[in-house]
Amino acid sequence: MFADDYSDEEPRADPRVGLFVTCLIDLMRPRIGFAALQLIEAAGYAVHVPPAQTCCGQPAWNSGDRVAARSLAEKLIAEFEHYAFVVAPSGSCAGMIKTHYQDVFRGDAAWLARVEALAAKTYELTDFLVNVARIQKLPGAFRGTLTYHDSCSGLRELGIKDQPRDLLARMPGTELREMKDCETCCGFGGTFSIKFGEISAAMAETKCSHIVASGADAVVAGDLGCLLNIEGRLRRRGDETTRVLHIAEVLAWKD
Amino acid sequence: MHVRSMHFKSNAAGALANVRLQSVLKRFGGGFVERRATARLAYGIDAFEELRSASAAIRDRALAALDGWLLHFEEQATRRGTQVLWAEDVEDARRLVLELCARHGLRKAVKSKSMVSEEAGLNEALAAHGVTPVETDLGEYIIQLAGEAPSHIIAPAIHKDKGEVADLFARHHQRPRLDDIEELTREARVMLREHFLSADLGISGGNFLVAETGSVAIVTNEGNGRMVTTLPRVHIAITGIEKVIPTLEDLSTLNRVLPRSATGQDISNYFSILTGPRRAGDLDGPEQMFVILVDGGRSGLVGGELKEMLRCIRCGACMNHCPVYQTVGGHAYGWVYPGPMGSGSRPHSMGWRRRSTCRRRRRCAGPVTSPVR
Chain A
37 MFADDYSDEE PRADPRVGLF VTCLIDLMRP RIGFAALQLI EAAGYAVHVP PAQTCCGQPA
97 WNSGDRVAAR SLAEKLIAEF EHYAFVVAPS GSCAGMIKTH YQDVFRGDAA WLARVEALAA
157 KTYELTDFLV NVARIQKLPG AFRGTLTYHD SCSGLRELGI KDQPRDLLAR MPGTELREMK
217 DCETCCGFGG TFSIKFGEIS AAMAETKCSH IVASGADAVV AGDLGCLLNI EGRLRRRGDE
277 TTRVLHIAEV LAWKD
Chain B
69 MHVRSMHFKS NAAGALANVR LQSVLKRFGG GFVERRATAR LAYGIDAFEE LRSASAAIRD
129 RALAALDGWL LHFEEQATRR GTQVLWAEDV EDARRLVLEL CARHGLRKAV KSKSMVSEEA
189 GLNEALAAHG VTPVETDLGE YIIQLAGEAP SHIIAPAIHK DKGEVADLFA RHHQRPRLDD
249 IEELTREARV MLREHFLSAD LGISGGNFLV AETGSVAIVT NEGNGRMVTT LPRVHIAITG
309 IEKVIPTLED LSTLNRVLPR SATGQDISNY FSILTGPRRA GDLDGPEQMF VILVDGGRSG
369 LVGGELKEML RCIRCGACMN HCPVYQTVGG HAYGWVYPGP MGSGSRPHSM GWRRRSTCRR
429 RRRCAGPVTS PVR
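First to last, the sequence lines map onto chains A and B.
Counting in my numbering, the first sequence runs without a single skipped number right up to 291 at its last residue.
Counting in my numbering, the second sequence runs without a single skipped number right up to 441 at its last residue.
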């Protein structure tokens with residue numbers, strides 16, 4: 037998806053940020069990737085996007101396909117381990133790298149050492165912007181009321197809670213209207229939504245009621261998986277107006 | 069219990085289509101979650117996390133030398149007059165209870181909550197052998213009248229609304245239908261009183277087994293547990309082998325974490341430490357006390373990938389926090405232990421390959437087992 041401007045060969049101990057776009061964003065809504073890139077650059081970092089990157093391996097891992105998960109994980113590690121930082125606009129994918137890779141490589145000391153080193157410098161986007169880059173000026177401007185859905189993995193594996201709210205609070209035109217049970221799962225859960233579609237839909241329905249009840253113009257989250265799930269349900273309910281946006285899109289928003 | 073968890077998807081579809089159940093589940097929703105959060109906050113978040121770590125360490129210490137602590141428990145319990153019986157599986161446990169009933173000529177059993185007795189399908193077995201089982205925990209009493217299984221390990225009738233309970237009581241008690249929860253509870257109390265006084269057997273579970281004193285500790289809120297374990301002439305405590313902990317000091321730690329995690333209480337209304345039958349000069353207590361220690365697949369988890377599940381103290385917090393449980397309720401899981409912990413342990417206790425409904429969202433906030441929040 038990204039132009040060659042952002043790729044070059046054989047970097048070693050690269051001081052730049054390696055942007056892990058995530059397969060879902062690459063395939064479903066690449067503008068989130070570009071927004072993330074813009075944000076990291078605005079925070080004063082050069083960004084590199086390894087062009088052959090694919091998936092962190094989480095769907096395979098959650099489905100029990102350990103071999104495929106491991107081969108994807110090895111690929112990702114090799115592609116990203118030389119950067120000073122690795123940033124992903126997804127708590128789910130960053131959480132996979134930071135908390136589950138150690139299980140993927142359990143018992144393999146050589147790989148575990150590489151996993152540990154990579155995990156230590158891997159960040160979810162808002163966490164990176166707030167706690168590492170300490171970004172001063174956000175490039176975007178957004179006007180409207182927002183409600184924030186805390187995605188499960190980001191919240192519970194990585195402690196992503198205050199970071200996005202901190203950033204949104206710095207956007208003059210926005211107003212955050214918290215929904216009821218903002219920390220409760222939207223029903224996506226990756227492969228869960230495929231294996232248990234009816235339960236997933238019921239959970240999404242509950243989530244959408246809370247979103248609508250908040251009265252916000254847009255629902256914002258840090259994971260595209262949740263957003264696709266939520267948007268699908270909202271439109272199915274006949275809601276054509278509530279916008280469904282990734283936090284990176286909002287922070288880099290240009291009217 | 070008849071296992072129906074392989075039909076989870078169709079069970080869940082039924083639960084989703086059940087309007088009454090959905091309405092009950094929505095109302096139940098956050099109650100337990102909020103109460104636990106409040107209790108945690110009042111205790112101090114950091115202090116509570118320390119308590120969780122300490123509890124996990126206690127459980128790990130016991131489980132690392134499970135056989136040794138169990139033998140120590142048996143020795144201490146025996147010394148104080150309790151007879152300890154070992155059951156390799158739930159069939160064994162059922163047989164042991166029935167043998168005791170036959171040997172002591174027991175005809176009516178009052179029961180306080182025991183999930184292991186659900187595992188063993190004990191009520192059906194007792195009834196089939198001429199012993200009348202009466203559940204005395206209010207929730208268990210309700211579902212016994214309804215002919216159902218618990219849908220939550222600490223709130224077994226959470227799937228029933230007031231109207232259903234009123235209908236059940238009117239039909240079974242042969243009294244005018246009541247509409248007020250307090251009156252319904254009073255009526256159950258009156259009905260149960262008769263059973264407490266006429267039963268010759270009391271069957272309880274055990275929240276913890278204290279090795280150093282050979283005691284069975286029971287945490288309840290309704291006082292029925294105390295009646296069950298002191299009024300009838302024989303008391304049988306039936307529980308899993310993983311419940312053993314080394315010391316009373318350990319019990320004190322775990323009893324700080326259990327009620328807070330379960331119901332958000334600092335301490336439950338009743339907390340009994342049962343150490344042997346009635347001694348000479350005691351005013352109450354059973355003439356004989358038995359403890360049946362059930363393996364039922366538990367020892368197979370020791371030292372394995374799922375060993376941490378054995379730490380579980382059955383607080384129910386994982387169900388309360390699980391969005392899947394909240395959406396479909398406990399019966400959809402089709403097994404005694406619903407929700408996250410039950411889904412993890414059930415295949416093992418059944419000898420199946422593991423296949424879970426878990427979405428790994430980690431909302432389940434088990435105090436002693438779960439890694440997050």
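Glycine is no exception: its CB is placed at the ideal position from the N, C-alpha and C atoms.
Beta-ladder partner(s) of residue i, from DSSP
i, result
"E211 of chain A", "A:T181"
"H70 of chain B", "DSSP, once it has assigned bridges, lists no residue as partnering H70 of chain B."
"Q394 of chain B", "Note: Q394 of chain B sits in no beta bridge, so no partner."
"I304 of chain B", "B:I271, B:F358"
"F232 of chain A", "Per DSSP, none; premise fails for F232 of chain A."
"E203 of chain B", "B:K179"
"F339 of chain B", "B:V287"
"Q151 of chain B", "B:F358"
"T158 of chain A", "A:V122"
"L277 of chain B", "B:V284, B:V312"
"L55 of chain A", "A:V123"
"V256 of chain A", "A:Y184, A:L281"
"V83 of chain A", "A:V53"
Interface partners of residue i on chain A, CB under 8 Å
i, result
"A81 of chain B", "E234"
"L174 of chain B", "Within chain A, no residue comes near L174 of chain B; the closest Cβ sits about 44 Å away, beyond 8 Å."
"L84 of chain B", "E234, I235, A238"
Distance CB(residue i)-CB(residue j) smaller than 8 Å
i, j, result
"F121 of chain A", "V168 of chain A", "yes"
"R148 of chain B", "T343 of chain B", "yes"
"V256 of chain A", "L203 of chain A", "no"
"V387 of chain B", "G412 of chain B", "Strictly speaking, residue 387 of chain B in this sequence is Met, with Val absent from that position. Cβ atoms of M387 of chain B and G412 of chain B: not closer than 8 Å."
"S128 of chain A", "G190 of chain A", "yes"
"K216 of chain A", "A249 of chain A", "yes"
"R108 of chain B", "R328 of chain B", "yes"
"A217 of chain B", "E186 of chain B", "yes"
"I304 of chain B", "L194 of chain B", "no"
"P125 of chain A", "A79 of chain A", "no"
"R52 of chain A", "Y119 of chain A", "yes"
"L75 of chain A", "G261 of chain A", "no"
"G131 of chain A", "L194 of chain A", "yes"
"H227 of chain B", "V92 of chain B", "yes"
Under 9 Å by beta carbon: chain A residues contacting residue i
i, result
"K77 of chain B", "K231, F232, E234, I235"
"V87 of chain B", "Neighbours of V87 of chain B on chain A: none; closest Cβ ~13 Å, over 9 Å."
Assigned exposure category for residue i - 16 Cβ within 10 Å defines buried
i, result
"G274 of chain A", "exposed"
"R48 of chain A", "Note that R48 of chain A scores 49 on pLDDT, short of 50, meaning its location in the model is unreliable; the coordinates nonetheless yield the value given after this. Counting Cβ neighbours within 10 Å, R48 of chain A comes out exposed, since fewer than 16 surround it."
"K181 of chain B", "buried"
"E45 of chain A", "In this prediction, E45 of chain A has a pLDDT of 49, which is less than 50 and means its spatial position is unreliable; what the coordinates show is noted afterwards. Answer is exposed; the Cβ neighbour count stays below 16."
"G226 of chain A", "buried"
"V87 of chain B", "exposed"
"D259 of chain A", "buried"
"S78 of chain B", "exposed"
"L361 of chain B", "buried"
"M104 of chain B", "Per the sequence presented here, residue 104 of chain B reads as Arg, with Met not at that position. Answer is buried; the Cβ neighbour count reaches 16."
"P300 of chain B", "buried"
"P87 of chain A", "exposed"
"I113 of chain B", "exposed"
Interface residues of chain A facing residue i [CB-CB closer than 7 Å]
i, result
"T395 of chain B", "I235, A238, M239"
Below-8 Å beta-carbon distance, residue i vs any chain D residue
i, result
"E255 of chain B", "Any reference to chain D falls outside this structure, whose protein chains are A and B."
Any non-hydrogen atom of the ligand HEM closer than 7 Å to residue i Cβ
i, result
"P201 of chain B", "The model on display carries no ligand, and the ligand HEM is accordingly not part of it."
**OP:** Decide if the segment 197 to 209 of chain B is in contact with the segment 256 to 273 of chain B; the criterion is three or more beta carbon pairs, one per stretch, under 8 Å apart.
**Re:** yes
Subject >> Segment contact flag, the segment 92 to 110 of chain A with the segment 153 to 164 of chain A, C-beta cutoff 8 Å, min 3 pairs >> reply: no
Original post:
Taking contact to mean at least 3 C-beta pairs separated by less than 8 Å, is the segment 282 to 290 of chain B in contact with the segment 338 to 356 of chain B?
Top reply: yes
Subject >> Meets three-Cβ-pair contact criterion under 8 Å: the segment 61 to 70 of chain A and the segment 268 to 285 of chain A >> reply: yes
Subject >> At least 3 beta-carbon pairs within less than 8 Å: the segment 267 to 277 of chain B vs the segment 171 to 187 of chain B >> reply: yes
Original post:
Do the segment 329 to 338 of chain B and the segment 400 to 407 of chain B make contact, defined as three or more Cβ pairs closer than 8 Å?
Top reply: no
**OP:** Count the CB pairs spanning the segment 364 to 378 of chain B and the segment 311 to 320 of chain B that are closer than 8 Å, and state whether there are at least three.
**Re:** no
**OP:** Could you tell me whether the segment 348 to 363 of chain B touches the segment 155 to 173 of chain B, where touching means 3 or more Cβ pairs closer than 8 Å?
**Re:** yes
Original post:
Are there three or more Cβ pairs, one per stretch, closer than 8 Å when the segment 174 to 184 of chain A is compared with the segment 134 to 149 of chain A?
Top reply: Taking one beta carbon from each stretch, the segment 174 to 184 of chain A and the segment 134 to 149 of chain A have fewer than 3 pairs nearer than 8 Å; the two do not touch.
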